[in-house]
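Enquirer: Here numbering that gives the first Met the number 0 is used: the first residue of the sequence shown is 0, the next is one more, and so on. A virtual CB, placed ideally from N, CA and C, is assigned to each residue, including glycine. This structure is a prediction, so every number in the text was calculated from the model and none was measured.
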Amino acid sequence: MAKAAVIPTRMELKKLKGRLQTARRGHKLLKDKRDELMRQFMDIIRLNKELRTKVEQGLTDAFGSLQVASSIMSPEMLEQALLYPRQSVELDMTFKNIMSVNVPQYKFQTQNTDPSEIYPYGFAQTSGELDDALDNMARVFQDMLELAQIEKTMQLLAEEIEKTRRRVNALEYVMIPELETNIKYITMKLAENENSTKVRLLKVKDMVLQDAHHYQQ
Numbered sequence: 000m001a002k003a004a005v006i007p008t009r010m011e012l013k014k015l016k017g018r019l020q021t022a023r024r025g026h027k028l029l030k031d032k033r034d035e036l037m038r039q040f041m042d043i044i045r046l047n048k049e050l051r052t053k054v055e056q057g058l059t060d061a062f063g064s065l066q067v068a069s070s071i072m073s074p075e076m077l078e079q080a081l082l083y084p085r086q087s088v089e090l091d092m093t094f095k096n097i098m099s100v101n102v103p104q105y106k107f108q109t110q111n112t113d114p115s116e117i118y119p120y121g122f123a124q125t126s127g128e129l130d131d132a133l134d135n136m137a138r139v140f141q142d143m144l145e146l147a148q149i150e151k152t153m154q155l156l157a158e159e160i161e162k163t164r165r166r167v168n169a170l171e172y173v174m175i176p177e178l179e180t181n182i183k184y185i186t187m188k189l190a191e192n193e194n195s196t197k198v199r200l201l202k203v204k205d206m207v208l209q210d211a212h213h214y215q216q
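#1: Do the region 13-27 and the region 151-163 touch if we need at least three Cβ pairs shorter than 8 Å?
#2: Hey, out of Leu-65, Asp-31, Val-203, whose CA is closest to Glu-128's CA?
#3: Do Met-136 and Ala-61 come within 8 Å of each other at the CB atom, strictly closer than that value?
#4: Three-state secondary structure (DSSP) at Pro-74?
#5: Based on Cα-Cα distance, which residue from Leu-90, Leu-15, Met-98 lies nearest to Leu-36?
#6: Looking at Asp-221: is its Cβ nearer than 8 Å to the Cβ of Leu-50?
#7: DSSP three-state label for Thr-93, please.
#8: Quick check: the region 100-111 against the region 13-20, are there 3 or more CB pairs under 8 Å?
#9: Quick one: Cα of Leu-46 to Cα of Pro-74, how far?
#10: Keeping to the same chain, check which residues put their C-beta closer than 6 Å to that of Leu-90; ignore five residues upstream and five downstream.
#11: Near Glu-161, which residues of its chain fall below 6 Å by C-beta distance, leaving aside the five closest residues on each side in sequence?
#12: Could you tell me whether the Cβ atoms of Leu-156 and Gln-39 are closer together than 8 Å?
#13: On the DSSP letters alone, give me the boundaries of the beta strand (DSSP E) that Thr-109 sits inside.
#14: Since I believe Leu-189 is in contact with Leu-19 (beta carbons under 8 Å), could you give me their beta-carbon distance rounded to a whole number of angstroms?
#15: Give the straight-line distance between the Cα atoms of Pro-7 and Asn-194, rounded to the nearest whole angstrom.
#16: Quick check: the Cα distance between Val-139 and Glu-171, rounded to an integer number of angstroms?
#17: Looking only at its own chain, which residues have a Cβ that is under 7 Å from the Cβ of Thr-93, when we skip the five neighbours before and after it?
#18: In the DSSP assignment, the alpha helix (DSSP H) including Val-167 goes from what residue to what residue?
#19: Near Arg-33, which residues of its chain fall below 8 Å by C-beta distance, leaving aside the five closest residues on each side in sequence?
#20: Whole angstroms are fine: how far does the CA of Val-54 sit from the CA of Leu-144?
#21: Specify the secondary structure class of Leu-12 as computed by DSSP and reduced to three states.
#22: Return helix, strand or coil for Val-88, following the three-state DSSP convention.
#23: When you compare the CB positions of Ala-169 and Ala-68, do they come within less than 8 Å of one another, or not?
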């Protein structure tokens with residue numbers, strides 16, 4: 000039903016038709032954006048599943064080697080071997096725009112590119128399983144960082160999809176139907192006014208003709 004504040008004038012009708020055209024165009028653009036966001040979201044979900052499986056396997060291997068090493072070495076010796084790390088890592092974060100959503104991009108770089116620098120101990124009193132554990136951890140670290148990046152991207156895209164969906168629904172079920180109803184209401188009122196004006200003009204014409212006819216008599 001049309002709002003009571005709607006003024007049934009041709010100027011108002013023209014303005015509402017312009018708003019309706021803009022709303023329909025915006026509705027189409029938002030639907031296209033929502034569909035593209037959903038497509039990219041589904042691609043990222045598949046990538047997240049594959050990467051999570053890879054990370055879980057890498058961590059399982061690393062913790063398995065560490066458990067074997069801890070059963071061979073004494074707790075004090077294991078703690079002493081890992082107490083002072085020799086390698087440091089720098090983490091940089093940039094942003095990538097996906098359909099107006101800024102998602103993080105993580106990149107890390109070790110201070111020293113020598114692979115042997117991941118071992119903060121000598122090899123004389125430590126087991127080979129401890130070497131394997133640290134080696135597996137070093138390899139899985141990049142995958143863990145990428146997994147964190149992907150999961151944050153999924154969160155941000157899901158929030159944007161929800162906001163876009165609400166806007167699409169607001170246009171589709173509220174704004175556009177309301178504009179169409181108001182346009183129909185104004186069109187009907189203008190037609191009624193035009194018909195009333197025609198009737199009044201015909202009556203005036205009849206009265207003028209009657210007056211003219213009586214005058215001639």
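Expert: In this structure, then:
#1: Output reads no: the region 151-163 does not touch the region 13-27.
#2: Closest by alpha carbon: Leu-65.
#3: The answer is yes: Cβ separation under 8 Å.
#4: The three-state reading of DSSP puts Pro-74 in helix, counting H, G and I together.
#5: Taking the Cα of Leu-36 as reference, the smallest distance to any Cα among Leu-90, Leu-15, Met-98 is reached at Met-98.
#6: The chain is shown from 0 up to 216; residue 221 falls before or after that span and cannot be answered.
#7: In this structure, Thr-93 counts as strand in the three-state DSSP scheme.
#8: Result no; under three Cβ-Cβ pairs closer than 8 Å.
#9: C-alpha separation (whole angstroms): 39 Å.
#10: Excluding positions up to five away in sequence, the list reads Phe-107.
#11: Closer than 6 Å at the Cβ level, and outside the excluded window around Glu-161, lies no residue.
#12: The Cβ-Cβ distance between Leu-156 and Gln-39 falls below 8 Å.
#13: From DSSP, the beta strand (DSSP E) with Thr-109 extends over 100-109.
#14: Between Leu-189 and Leu-19 the Cβ distance is about 16 Å, and since that is not below 8 Å, they are no contact.
#15: Cα to Cα, Pro-7 sits roughly 15 Å from Asn-194.
#16: A straight-line Cα-Cα distance of about 47 Å links Val-139 and Glu-171.
#17: Only Gln-104 meet the Cβ criterion.
#18: Following the DSSP letters along the chain, one finds Val-167 inside the alpha helix (DSSP H) bounded by residues 127-169.
#19: Contacts found: Ile-160, Thr-163, Arg-164, Val-167.
#20: Leu-144 and Val-54 have their C-alpha atoms some 10 Å from each other.
#21: Leu-12 falls in the helix class under three-state DSSP.
#22: Strand at Val-88.
#23: Contact: no.
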